[in-house]
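Note that the protein sequences, when read in sequence, are chains R and D.
In case it helps, UniProt numbering puts the first sequence at residues 1 to 391.
In case it helps, UniProt numbering puts the second sequence at residues 1 to 255.
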Amino acid sequence: MKKTMSAVIARRDRRVAGPGRSSWILFAALAMVLALAPMVLNQFNIGLLAKFLCYSMVAIGLGLLWGRGGVLSLGQGVFFGLGGYIMAMHMQLADASANGGSGVPEFMSLYGNGHVPGWWLPFRSGVVTLIAIPVVPMLVAWALGAAVFKRRVKGAYFSILSQALVAAFALLLIGAQTSTGGSNGLSDFTGFFGYVLNDPVNQRSLYYLVLIVVLVMLLATGLLMYSRFGEVLLAVRDTEERVRFLGYDPASIKTAAFVYAALLASIGGALFVPVAGIISPSDIGVTPSIIFLLGVALGGRSTFLGPVLGSLIVSIAQNSLSSAFPSFWSYLEGALFIVVIALLPGGVATLVPSIRRWRRRVSGAPGARGGSRASQTDAVPEASAGELVSR
Amino acid sequence: MTKIAAMEEGQDLAVRVKGLTVAFGAFHAIDDVDLEVGGNHLHFLIGPNGAGKTTLIDAITGLVPYTGTISVGGRALARMTVQDIARFGVGRTFQTATVFERQTVVQNLDIALRGGRHWASLLTLRREVPERIEEILEIIGLAGHADELAGVLSHGQKQWLEIGMVLAANARVILLDEPVAGMTLDEREATGELLRRICPDRVVMVVEHDMDFMRRFADAVTVMSRGQVLVEGSVEQIQANQQVQDTYLGVAEAV
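Structure (structure tokens):
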């Protein structure tokens with residue numbers, strides 16, 4: 001087929017999908033600030049920031065799953081926990097065998113019969129552990145997604161199901177004290193793949209490892225969001241039946257997003273263990289799973305950088321406020337959730353366009369009549385969430 | 001996931017419906033219908049409200065369970081899922097155009113283009129507009145709107161976009177549910193021309209209420225009433241039929 005030169009040029013000039021320049025600048029700035037942070041922070045705060053970055057990994061996955069796919073999972077703690085506990089089991093076993101030890105983690109002799117359960121044994125191997133951290137949660141998410149989405153369970157029903165799952169998972173861990181440490185969890189680690197954990201140099205290296213993983217996740221997720229997969233995912237969220245009639249199985253698309261979010265959450269959990277030095281049911285239960293979401297909602301769930309920024313803000317706020325006013329934080333948290341959902345469904349990323357629209361409405365611009373107003377509040381914030389941060 | 005091979009170029013496309021019954025409880029929305037729709041012409045399916053026209057489309061596209069057989073190009077569609085039927089090459093539009101409103105026209109078409117392809121093709125970024133999409137944009141007359149959000153298109157343009165999506169999905173059997181409802185006269189004309197253009201080497205069946213539109217563009221007509229086929233034939237034959245005039249055309253003309 002012959003095409004004129006100008007037609008070809010026009011075709012290439014047509015803007016391709018992808019995060020725009022402003023979000024790349026923001027991304028670079030974020031990477032720079034986080035890379036330089038250890039220069040000004042003390043060791044304790046470096047550890048804190050690394051911990052927050054681990055939480056933000058869950059948020060990045062949720063941004064794709066919830067923001068693009070419309071799948072609201074209240075159970076990401078399950079995957080954070082799977083990654084965390086797999087890593088913690090390996091570290092416990094490695095610590096127990098180090099320096100001619102018995103090979104039995106201390107708590108097992110304390111609460112149990114002093115034998116390592118059979119299902120712990122594979123995690124003596126570092127290689128098995130590193131394979132299991134991504135593979136196990138992905139398999140769980142795939143099985144769950146295939147079972148649930150194929151049956152067309154969606155919306156609030158899926159959310160409730162995922163929350164029940166994380167509650168059950170936490171209960172299971174608490175109940176099995178002799179093999180999982182119960183509500184105390186697993187803690188007091190000394191080494192991480194041969195490195196001494198409380199060495200400041202190693203702490204700093206660990207921080208950079210976490211940071212690199214976060215940045216890689218951000219890039220990968222950004223690409224996924226703007227890939228054809230991201231477009232189909234958005235289409236599934238908005239008009240699932242149309243997608244089905246075009247030859248896609250929406251359940252597979254949603255399952256893929258769920259598996260991806262599980263992978264990110266699991267890696268977050270696995271890195272959380274050496275960073276925080278503990279993993280316990282209270283790190284993965286119903287409440288932490290909701291707080292993962294709070295950051296995503298606050299930052300802007302359907303944007304490129306919203307989830308990670310929101311998650312970091314919530315973590316920092318929680319840390320500083322909950323130590324200053326212990327009882328106040330939970331109220332603020334609840335209020336924040338309500339305010340974001342009710343007034344700013346697109347998250348902080350849509351704050352500027354929302355204010356602009358509001359001012360236009362107040363100044364009584366022509367055409368801002370009742371009918372169009374209703375459609376504005378309904379449809380526009382989502383679209384402009386994309387515009388501000390991701391374009 | 002079972003792979004459904006799409007129909008091939010030049011293959012027999014005819015839609016054959018035999019003894020089709022769709023029951024909602026005791027009510028038979030479609031009652032023992034036989035129907036054959038061949039390719040290369042515009043086939044209209046008309047009838048009063050509740051005649052079972054949309055239900056027929058729903059049955060063919062796998063949306064409602066039925067008894068009897070429906071085959072396309074010799075292949076029975078029963079037991080195939082909605083998405084497998086779509087991959088096989090049966091596409092449909094809806095009474096209210098269903099497009100992805102928050103995405104651009106090109107994005108809409110590209111999503112349709114990739115339906116049923118290998119999943120790995122989803123893990124790519126669109127560097128330029130695929131040639132097939134450029135072609136479809138020309139066919140449906142939306143070349144000037146390629147980068148607009150589908151949500152801001154006019155009602156008629158959304159219908160055209162949806163037809164374009166069905167084309168992009170490489171459908172060989174295209175079922176359209178009242179494509180010109182709510183359109184202006186000019187838009188109806190353009191839609192008719194569009195359907196004429198996509199007709200060759202495809203089966204195009206249009207469910208329609210608009211009699212003028214039917215008279216102007218139909219090559220063959222099936223009239224349904226109360227879940228059954230009343231009569232089939234050319235526009236002239238249909239118009240001459242006393243039964244049709246009594247139950248339907250007369251009423252429509254009076255209105």
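Yeah, the Cβ is synthetic: ideal placement off N, Cα and C, and Gly gets one too.
These numbers were taken from a predicted model, which means no experiment stands behind them.
Open item on the list: Against chain D, which members of the region 245 to 270 of chain R pass a CB distance test of less than 9 Å?
Closed with: The region 245 to 270 of chain R vs chain D, Cβ under 9 Å: Phe-245, Leu-246, Gly-247, Tyr-248, Asp-249, Pro-250, Ser-252, Ile-253, Ala-256.
Task: Distance, Ile-46(D) Cα to Glu-236(D) Cα - done: Using only the alpha carbons, I get a separation of about 14 Å.
Open item on the list: Just to confirm my understanding: we take Gln-318(R), look at its own chain, exclude 5 residues before and 5 after, and list those with CB closer than 7 Å. What are they?
Closed with: Trp-329.
Open item on the list: Tell me the residue span of the alpha helix (DSSP H) that contains Arg-172(D).
Closed with: For Arg-172(D), there is no enclosing alpha helix (DSSP H), as DSSP marks it with neither H nor E.
TODO: Examine chain D for any beta-carbon lying closer than 8 Å to the beta-carbon of Leu-139(R), and answer yes or no.
DONE: It does not: the Cβ of Leu-139(R) has no partner Cβ on chain D nearer than 8 Å.
Open item on the list: With distance defined between alpha-carbon atoms, name the residue in Tyr-195(R), Leu-197(R), Ile-284(R), Leu-224(R) nearest to Gly-182(R).
Closed with: Among Tyr-195(R), Leu-197(R), Ile-284(R), Leu-224(R), the Cα nearest to that of Gly-182(R) belongs to Ile-284(R).
Task: Contact under 8 Å by Cβ, Val-37(D) with Ile-30(D) - done: With respect to the 8 Å criterion, Val-37(D) and Ile-30(D) are not classified as neighbours on the basis of their beta carbons.
- [ ] Following the continuous beta strand (DSSP E) through Gly-19(D), name the residue where it begins and the one where it ends.
- [x] 15 to 24 is the span of the beta strand (DSSP E), which, as asked, contains Gly-19(D).
Task: C-beta neighbour in chain R for Ala-78(D), strict 8 Å - done: Not an interface residue.
TODO: Answer with buried or exposed for Thr-222(D), where buried requires no fewer than 16 other C-beta atoms within 10 angstroms of its C-beta.
DONE: Counting the other CB atoms within 10 Å of its CB gives Thr-222(D) a total of 16 or more, which places it among the buried residues.
- [ ] For Arg-92(D), write down the residues that DSSP places opposite it in a beta bridge.
- [x] The secondary-structure analysis by DSSP pairs Arg-92(D) across a beta bridge with Leu-175(D).
TODO: Alpha carbon to alpha carbon, how far is Leu-344(R) from Val-296(R)? Give it in angstroms, no decimals.
DONE: Taking the straight line joining both Cα atoms gives about 12 Å.
Open item on the list: Using 8 Å for Cβ pairs, my map puts Val-236(R) next to Gly-69(R). What's the rounded Cβ distance?
Closed with: Indeed, because the Cβ distance is near 7 Å, the residues count as touching under 8 Å.
- [ ] Tell me, please, whether the region 222 to 240 of chain R touches the region 129 to 147 of chain R by the rule of three or more beta-carbon pairs shorter than 8 Å.
- [x] No: the two stretches stay apart, fewer than three of their Cβ pairs being nearer than 8 Å.
TODO: Answer yes or no: do Thr-93(D) and Leu-176(D) have a C-beta to C-beta separation smaller than 8 Å?
DONE: Yes; because the gap between Cβ atoms is below 8 Å, this pair is in contact.
Open item on the list: Counting C-beta neighbours from all protein chains within 10 Å, is the total for Asp-110(D) 16 or more, i.e. buried, or is it exposed?
Closed with: So Asp-110(D) ends up on the buried side.
Task: Glu-131(D) in three-state terms, based on DSSP - done: Note: Glu-131(D) maps to helix in three-state DSSP.
Open item on the list: By the three-class DSSP mapping on this structure, what secondary structure does Pro-117(R) have?
Closed with: In the displayed model, Pro-117(R) falls within coil according to three-state DSSP, outside both helix and strand.
Task: 8 Å contact criterion, which Ala-265(R) and Phe-79(R) should meet: CB distance rounded - done: Indeed they touch by this definition, with Cβ atoms about 4 Å apart.
Task: Given Asp-212(D) as reference, the closest of Leu-185(D), Leu-142(D), Gly-74(D), Ala-51(D) once Cα atoms are compared - done: Comparing Cα positions, the closest option is Leu-185(D).
- [ ] Tell me where the alpha helix (DSSP H) around Thr-67(D) begins and ends.
- [x] Counted as a single uninterrupted DSSP element, the stretch harbouring Thr-67(D) is not any alpha helix (DSSP H) but the beta strand (DSSP E) occupying residues 67 to 72.
Task: Delimiting residues of the alpha helix (DSSP H) encompassing Phe-52(R) - done: In the DSSP annotation of this structure, the continuous segment of the alpha helix (DSSP H) that includes Phe-52(R) starts and ends at 43 to 62.
Open item on the list: I need the straight-line Cα distance from Ile-174(D) to Ser-71(D), nearest angstrom please.
Closed with: Going by C-alpha positions, Ile-174(D) is about 14 Å away from Ser-71(D).
Open item on the list: Check this for me: beta carbons of Met-91(R) and Phe-192(R), under 8 Å apart or not?
Closed with: Yes, Cβ-Cβ distance for Met-91(R) and Phe-192(R) is below 8 Å.
Task: Beta-carbon neighbours of Ser-121(D), restricted to chain R and to distances below 9 Å - done: Think of a sphere of 9 Å around the beta carbon of Ser-121(D): the chain R residues whose beta carbon falls inside it are Arg-228, in chain order.
- [ ] Measure the CB-CB distance between Gly-67(R) and Arg-301(R) and report whether it falls below 8 Å.
- [x] Yes.
- [ ] Indicate the three-state DSSP secondary structure (helix, strand or coil) for Ser-234(D) in the structure shown.
- [x] Ser-234(D) carries a coil assignment under DSSP once its states are collapsed to helix, strand and coil.
TODO: Look at the alpha carbon of Gly-192(D) and the alpha carbon of Lys-158(D), and state the distance between them as a whole number of angstroms.
DONE: One C-alpha to the other measures close to 15 Å.
Open item on the list: With the cut-off set at 8 Å, would you say Phe-229(R) and Ala-86(D) are in Cβ contact?
Closed with: Not in contact: Phe-229(R) and Ala-86(D) (Cβ atoms no closer than 8 Å).
Open item on the list: Measuring alpha carbon to alpha carbon, tell me which residue in Gly-19(D), Lys-18(D), Asn-40(D) is nearest Asp-12(D).
Closed with: Ranking Gly-19(D), Lys-18(D), Asn-40(D) by Cα distance to Asp-12(D) puts Asn-40(D) first.
TODO: Could you tell me which uninterrupted beta strand (DSSP E) segments, each at least 3 residues in length, are contained entirely in the region 224 to 260 of chain R, listed from first to last along the chain?
DONE: Taking only runs of at least 3 residues, no beta strand (DSSP E) segment lies wholly in the region 224 to 260 of chain R.
Open item on the list: Per the DSSP calculation, Ile-131(R) is bridged to which residue(s)?
Closed with: Partner(s): none; Ile-131(R) has no beta bridge.
Task: Phe-44(D) versus Leu-195(D): straight-line alpha-carbon distance, rounded - done: As the crow flies, the alpha-carbon of Phe-44(D) is around 11 Å from that of Leu-195(D).
Open item on the list: Rounded to the nearest angstrom, what separates Ala-31(R) and Val-308(R) at their Cα positions?
Closed with: Their backbone Cα atoms lie some 12 Å apart in a straight line.
- [ ] Would you give the residue range spanned by the alpha helix (DSSP H) that Asp-283(R) belongs to?
- [x] In the DSSP assignment, Asp-283(R) falls within the unbroken alpha helix (DSSP H) covering 281 to 284.
- [ ] Would you list the residues sitting across from His-43(D) in a DSSP beta bridge?
- [x] Its beta-bridge partners are Met-205(D), Ala-220(D).
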